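*Asks:* This is the structure, below, for whatever I ask next.
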Amino acid sequence: MSSNPKGPNPVSRRRFLKTTVANGTAGIAAAAAVGLHPKEAEAADIKWDRTADVVVVGAGVSGLACACAASDTGASVVVIEENFDIGGRGIMSGGSIQLGGGHSLQKKYGTVDSADMIFADWTRHDHPASRYSDRDIVRKFADENAATFEFLLAHGVQFTGREEGGSGASTNAGRTYQTVEWHIPSQLVAPHRGRNGSGLVRRLEESARKAGVQILLKHSMTKIIRENPLSGRVLGVTARSGGKDINVRAKKGVYVGTGGNCGNVNFRRTFDPRLTEEYQQACAPYARQSGDAEVLAMAVGASLWATALQTSESGAAITKTAHIGCQWGYGQLVIETDSPIFHLARATGLTVANWQDVIMVNQAGKRFWNELDGSYNFIAAAMAYNGDPNKLNGGGPIWAVFDSDAVVRERWNPKPPNVDPLYFASGATLKELAANINNPYQKRPMPGTALQETVERYNSFVTSGVDSDFKKPKPMHKIEKPPFYAAWATPIVHDSLTGLRVNTDQQVIDIFGKVIPGLYTGGESMGGLAQHGLGRDLVSGRLAGLHAGKLSPSST
Amino acid sequence: MSDNIERAEEEVRPHPTTVALSRAPAAEVDAGTEIVLKVKVSCPHGCDLRERAIDVVSPDGAVVGSSRLVEFSNNVNETTEFAFIAPEEVGEHSWTVVFPKHHEDLVHQEGVLPIAVRTLAHDTSLAVWGVPSPLVMEHPFRIQVGATCSSGCDLSGKEIQILDEAGASIAHATLGDTPWDGTRALYWTDVDLVAPAKEGPTTRSIAFAPAELRLPHGGASARFGFETVKPPQHSVAVKVVQKDAGTPVEDAQVRLGVYFAYSDSNGVAKVAMPEGTYSLDVFKTGFEAPARVLDVCGDVTVEVEVVVIPPENPDAYWLFDPTKPI
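From first to last, the protein sequence lines are chains A and B. Quick note, the first sequence lines up with residues 1 to 556 if you use our numbering. Quick note, the second sequence lines up with residues 1001 to 1326 if you use our numbering.
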């Protein structure tokens, strides 16, 4: 993520002297003499390993949309992706695309929708998801919804049919359309788990490659190269692969779409200081959500925007875990043993069918909330100060504690590969269970006596039928029959709901309110619109690609 | 010439050795159990000392543990992890880790490193399960109680005591000799008890103070509770059916206040209970039913319709639906 101090110095001392000491004019005149645009002359002093009109960083949903759109304009495109394969979070997604505005599929099924209706939905004052929107961004997003849907069809993306969930993503029009899962299981990250987003990213990849887009896998962006630290044009990026840095020149623009910042502990705490290291993120360990776009763009002067969107507590910035006993237990996502990344995930987790079967305790072995709740009130209680004077921020690990009767009720098999020994423990008694918790985020041993007292008290609630501590409705099952289990159930960070400031062409804006020429962003790296998922990614990526390719969106 | 002199001086000059820990022993261990450590030895001249011994020496000069240096890397010699047995007495203990001088090696000096470990009485803990509730006053019932030791010691034959709310012993039992399934060393027993003669919530405690074990062990306690109720007067049958389909729903939990039962294959749960007014709740994963109030003043059969909760849209969580409450 950070620049390599031993890597190539992309902006040479010679160029620096030429552009500062000679005040530019001599250099420009010399460049004109050899037929180069002055800016190109400056870039010529850098050792460029590759050159394209548009350089896209991140082969996720927004990056692939950008690559296809830029390619549509006739621009040459190079995509840099740090992973071993494309797709980012999109390949793990359920594939629900929130796009409307009166596109062809809506018309086919008689769904009445318009750009104005989208604008109205995403600027509502009476809902925190839309209250803090940047309305300029929403206006452009609304206006480009339908065209973006047609763009997907033109690039071969297939849909299952009419919209699903009439109220989804809107007040008054169905706008949720499901892509068809990619048909080659070996090219999926989570085969047979309804991860239909694979159909979106693989189709876009297919289309991009056919059009000549080059995709450089295992290349991590380490630097955005700008003419001067806080001024001038963005010229390209430095990327590292196999320990070697290369400079990639972007003649028209660099698009940074690295998928949000949830996996960057330092950066995500900009928005919420509670989000310390114990909170894992959705779509890991496939997509890092590194915040590289945000951090490296800010290093060349970019600004954040609409930061209230991240903490409005209406979207899915952080969620209750659904699969316990593994490091990443996010929602609908299960990494099965046939996944190419199972060796990284290490366990599938135990999917909780009924939260009555467990209690949730914190690092200190104490309950903190009604386990049936999954709202932000639950999340806040899980992240509350747990009494550790050496860790004031973050709530520490959360453990789901249950007994062997719960294992029978839930039909769990609490052994690897279903559980990860680092994120799971068992014991003959509750005290032994507490002593057996050995997890890197459990900074202090869980006091066994405290856990035993917690469970004894909870069992008394089951007997009486009343949870007088946290009002869990009718606690149903005692935790009493050995062996006992503790499974990792710490909340999972999910959406980056805001990010870098952009204008309506997706150009990044700097801390002084000025456009950074040649730098674009979108998807979860952009700020101004907190819509979850693929619609925002696709519209913003496409708009950036069209603008960087020097065609106006309306001409497509 | 001067080089030769320096080399000759170096050959006769002793090499001091430094003993350090690659893995420090735990600060506290159970008495009589293993203390694990890993030792490294270095000499300022980077000498390869592999095959040389490492001893752990007690204050009285006895060698209580030993190993050999087997790794040599970056001028440091290392043992593998090795263990010696902690004293059986509880308290602070110290030893010296020694790189001994070897009679054939006139160059390397002895190296020493003091270490200290506190030995503890073994911790014990209890589990109690199979506690029925509610219980009719003065009726007998049976529970299971198990005890385990932090080092997995054999606790078979040891006694546990059941105490009432005033702390008086009301029953005792002896732990059996086969650990509970799925545990390393949870020694357990059935305990037969009698419900008290008063109505309401009751708490009991268990005390465990193992004696006559070779190694020192601490005691343990635990609590359990149940509701004591009056003798039943009426039979309540609750039939759980799926709304619209009318089909019986098996294995639903039916709760009537502190009473509960599970529905059978006909969807029927039967509860014997005294007269009164009770909150009737039915629970089963994937279904929901509103709570209702039931007056019990005679034998009664009631039907409860449960509604199937529709399968959740996997992405419903993400859909911006301002019509729903936040």
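We put the beta carbon where it would ideally sit given N, CA and C, even for glycine. Fair warning: this is a prediction, and the values are worked out from it, not measured in the lab.
Give me the chain A residues within the contact set of Arg1223/B, using Cβ-Cβ distance strictly less than 7 Å, ordered along the chain.
*Replies:* Here residue 1223/B corresponds to residue number 223 of the second sequence, with the count starting at 1. Near Arg1223/B (Cβ distances below 7 Å), the residues of chain A are Glu456.
*Asks:* With 8 Å as the C-beta to C-beta threshold (strictly closer), list the residues of the segment 465-482 of chain A near chain B in chain order.
*Replies:* Gly465, Lys474, Met476, Lys478, Glu480, Lys481 and Pro482
*Asks:* Please confirm whether Gly197/A and Gly94/A have their CB atoms less than 8 Å apart.
*Replies:* Mapped onto the first sequence, residue 197/A falls at position 197. Mapped onto the first sequence, residue 94/A falls at position 94. Yes, these two residues count as a Cβ contact at 8 Å.
*Asks:* May I ask you to list the residues that DSSP assigns as paired with Ile962/B?
*Replies:* Chain B is shown only over 1001 to 1326; residue 962/B falls outside these bounds and no answer can be derived.
*Asks:* Does the Cβ of Asp126/A have 16 or more other Cβ atoms within 10 Å, making it buried, or fewer, making it exposed?
*Replies:* Position 126 of the first sequence, counted from the first residue, corresponds to residue 126/A. Asp126/A is exposed by the Cβ-count criterion.
*Asks:* Taking Arg367/A as the reference, give the member of Tyr458/A, Ile246/A and Pro475/A with the closest Cα.
*Replies:* Position 367 of the first sequence holds residue 367/A. The shortest C-alpha separation from Arg367/A is found at Tyr458/A.
*Asks:* If you check the beta carbons only, do Trp399/A and Ala486/A fall under 8 Å apart?
*Replies:* Your numbering for residue 399/A matches position 399 in the first sequence. Your numbering for residue 486/A matches position 486 in the first sequence. Yes, the pair counts as a contact, with Cβ atoms nearer than the cut-off.
*Asks:* How many Å lie between Pro1059/B and Val1019/B at the Cα?
*Replies:* Counting from one through the second sequence, the residue named residue 1059/B turns up at place 59. Counting from one through the second sequence, the residue named residue 1019/B turns up at place 19. Taking the straight line joining both Cα atoms gives about 18 Å.
*Asks:* Consult DSSP for Gly60/A and reduce its assignment to one of helix, strand or coil.
*Replies:* The residue given as residue 60/A occupies position 60 in the first sequence. The answer is coil: DSSP assigns Gly60/A none of H, G, I, E or B.
*Asks:* What do you get for Asn439/A, buried or exposed, if any count of 16 or more other CB atoms within 10 angstroms of its CB means buried?
*Replies:* Locating residue 439/A in the first sequence gives position 439, counting from the first residue. Buried: at least 16 other Cβ atoms inside 10 Å.
*Asks:* Pick from Tyr1187/B, Pro1216/B, Ala1195/B and Lys1243/B: whose alpha carbon is nearest that of Val1128/B?
*Replies:* In the second sequence, counting from the first residue as 1, residue 1128/B sits at position 128. Here the closest residue by C-alpha is Tyr1187/B.
*Asks:* Quick one: grab the DSSP three-state call for Thr25/A.
*Replies:* Within the first sequence, residue 25/A is the residue found at index 25, counting from 1. Note that Thr25/A has pLDDT 39, beneath the 50 cutoff, so the model's placement of it is unreliable and the number below is only indicative. Note: Thr25/A maps to helix in three-state DSSP.
*Asks:* Quick one: what's got a C-beta closer than 6 Å to Gly545/A's C-beta in the same chain, skipping five residues either side?
*Replies:* For the purposes of this step, residue 545/A is taken as the residue at position 545 of the first sequence. Here the set comprises Cys66, Ala69 and Ala70.
*Asks:* Mind listing, in chain order, the continuous beta strand (DSSP E) runs of no fewer than 3 residues lying wholly within the segment 365-429 of chain A?
*Replies:* List check, beta strand (DSSP E) in window: 399-403 and 424-427.
*Asks:* Hey, is Glu181/A's beta-carbon within less than 8 Å of any beta-carbon in chain B?
*Replies:* By 1-based counting over the first sequence, the position of residue 181/A is 181. Judged by the 8 Å Cβ criterion, Glu181/A is not in contact with chain B.
*Asks:* So, helix, strand or coil for Lys210/A, using DSSP?
*Replies:* Numbered from 1 along the first sequence, position 210 holds the residue referred to as residue 210/A. Three-state result, Lys210/A: helix.
*Asks:* Excluding five sequence neighbours on each side, which residues of the same chain lie with their C-beta closer than 6 Å to the C-beta of Gly1267/B?
*Replies:* Taking the second sequence and counting its residues from 1, one reaches residue 1267/B at position 267. Excluding positions up to five away in sequence, the list reads Lys1239, Val1240, Val1241, Pro1248 and Val1249.
*Asks:* Can you list the residues of chain A that Phe1327/B reaches, using a CB-CB cut of under 9 Å?
*Replies:* Only positions 1001 to 1326 of chain B appear in this structure, which leaves residue 1327/B out of reach.
*Asks:* Contact criterion: CB-CB distance below 8 Å. Does Gly1182/B meet it with respect to chain A?
*Replies:* Working through the second sequence from its first residue, we reach residue 1182/B at position 182. Judged by the 8 Å Cβ criterion, Gly1182/B is in contact with chain A.
*Asks:* Excluding the five sequence neighbours on either side, which residues of its own chain have a C-beta within less than 6 Å of the C-beta of Ala293/A, listed in chain order?
*Replies:* For the purposes of this step, residue 293/A is taken as the residue at position 293 of the first sequence. Excluding the 5 residues flanking it on each side, Ala293/A has same chain C-beta neighbours closer than 6 Å at Val256, Thr258, Thr521 and Ser525, in chain order.
*Asks:* Rounded to the nearest angstrom, how far is the Cβ of Arg1223/B from that of Thr1203/B, given a contact under 8 Å?
*Replies:* Within the second sequence, the letter at position 223 stands for residue 1223/B. Within the second sequence, the letter at position 203 stands for residue 1203/B. Yes, Arg1223/B and Thr1203/B are in contact; Cβ-Cβ is about 6 Å, under 8 Å.
*Asks:* By a C-beta neighbour count over all protein chains shown, 10 Å radius and 16 as the cutoff for buried, is Arg1013/B buried or exposed?
*Replies:* As a position in the second sequence, residue 1013/B is number 13, starting the count at 1. With fewer than 16 other Cβ atoms within 10 Å, it is exposed.
*Asks:* Starting from Ser460/A, find everything on chain B with Cβ-Cβ shorter than 8 Å and list it in chain order.
*Replies:* Working through the first sequence from its first residue, we reach residue 460/A at position 460. Going along chain B in sequence order, the residues near Ser460/A (Cβ under 8 Å) are Pro1201, Thr1203 and Gly1225.
*Asks:* Less than 8 Å between the C-beta atoms of Gly1130/B and Ile1143/B, yes or no?
*Replies:* In the second sequence, the residue the question calls residue 1130/B occupies position 130. In the second sequence, the residue the question calls residue 1143/B occupies position 143. Result yes, Cβ atoms of Gly1130/B and Ile1143/B sit closer than 8 Å.
*Asks:* When you compare the CB of Thr160/A with every CB in chain B, is at least one pair closer than 8 Å?
*Replies:* Along the first sequence, read from residue 1 onward, the residue named residue 160/A stands at position 160. Chain B contact via Cβ: absent.
*Asks:* Considering Cα atoms alone, identify which of Val407/A, Lys415/A, Ser426/A and Asn362/A is closest to Gly396/A.
*Replies:* On the first sequence, position 396 is the one that residue 396/A refers to. Restricting attention to Val407/A, Lys415/A, Ser426/A and Asn362/A, the CA atom closest to the CA of Gly396/A is found in Asn362/A.
*Asks:* At which residue ranges does the segment 296-375 of chain A contain complete beta strand (DSSP E) runs of 3 or more residues, listed in the order of the chain?
*Replies:* 359-361
*Asks:* If we count Cβ pairs, one from each stretch, closer than 8 Å, do we get three or more for the segment 225-238 of chain A versus the segment 201-210 of chain A?
*Replies:* Because the criterion of three Cβ pairs below 8 Å is not met, the segment 225-238 of chain A and the segment 201-210 of chain A do not touch.
*Asks:* What would DSSP say about Glu1288/B, mapped onto helix, strand or coil?
*Replies:* Along the second sequence, read from residue 1 onward, the residue named residue 1288/B stands at position 288. The answer is strand: DSSP assigns Glu1288/B an E or B state.
*Asks:* Using a C-beta cutoff of 8 Å, does Ala287/A count as contacting chain B?
*Replies:* Residue mapping note: residue 287/A aligns to position 287 of the first sequence, counting from 1. By this cut-off, Ala287/A is not an interface position.
*Asks:* Hey, out of Lys550/A, Gly523/A and Ala548/A, whose CA is closest to Leu141/A's CA?
*Replies:* Here residue 141/A corresponds to residue number 141 of the first sequence, with the count starting at 1. According to the sequence shown, residue 141/A is Phe rather than Leu. Of the candidates Lys550/A, Gly523/A and Ala548/A, the one whose C-alpha sits nearest the C-alpha of Phe141/A is Gly523/A.
*Asks:* Helix, strand or coil, according to DSSP, for Phe1099/B in the structure here?
*Replies:* For this step, residue 1099/B is matched to residue 99 along the second sequence. Reduced to three states, the DSSP call for Phe1099/B is strand.
*Asks:* Under 8 Å, Cβ to Cβ, is there at least one residue of chain B near Gln280/A?
*Replies:* Within the first sequence, the letter at position 280 stands for residue 280/A. No, because no Cβ of chain B sits closer than 8 Å to the Cβ of Gln280/A.
*Asks:* Among residues of its own chain, excluding the 5 on either side of Phe461/A, which ones have a beta-carbon nearer than 6 Å to its beta-carbon?
*Replies:* By 1-based counting over the first sequence, the position of residue 461/A is 461. Hits under 6 Å: Asp467 and Pro475.
*Asks:* Report all residues from its chain with a CB closer than 7 Å to the CB of Glu1303/B; omit the five preceding and five following residues, and keep chain order.
*Replies:* Numbered from 1 along the second sequence, position 303 holds the residue referred to as residue 1303/B. The answer, listed in chain order, is Lys1239 and Val1241.
*Asks:* Closest Cβ-Cβ distance between Glu432/A and chain B: below 8 Å?
*Replies:* The residue given as residue 432/A occupies position 432 in the first sequence. Chain B, which has a Cβ nearer than 8 Å to the Cβ of Glu432/A, makes this yes.
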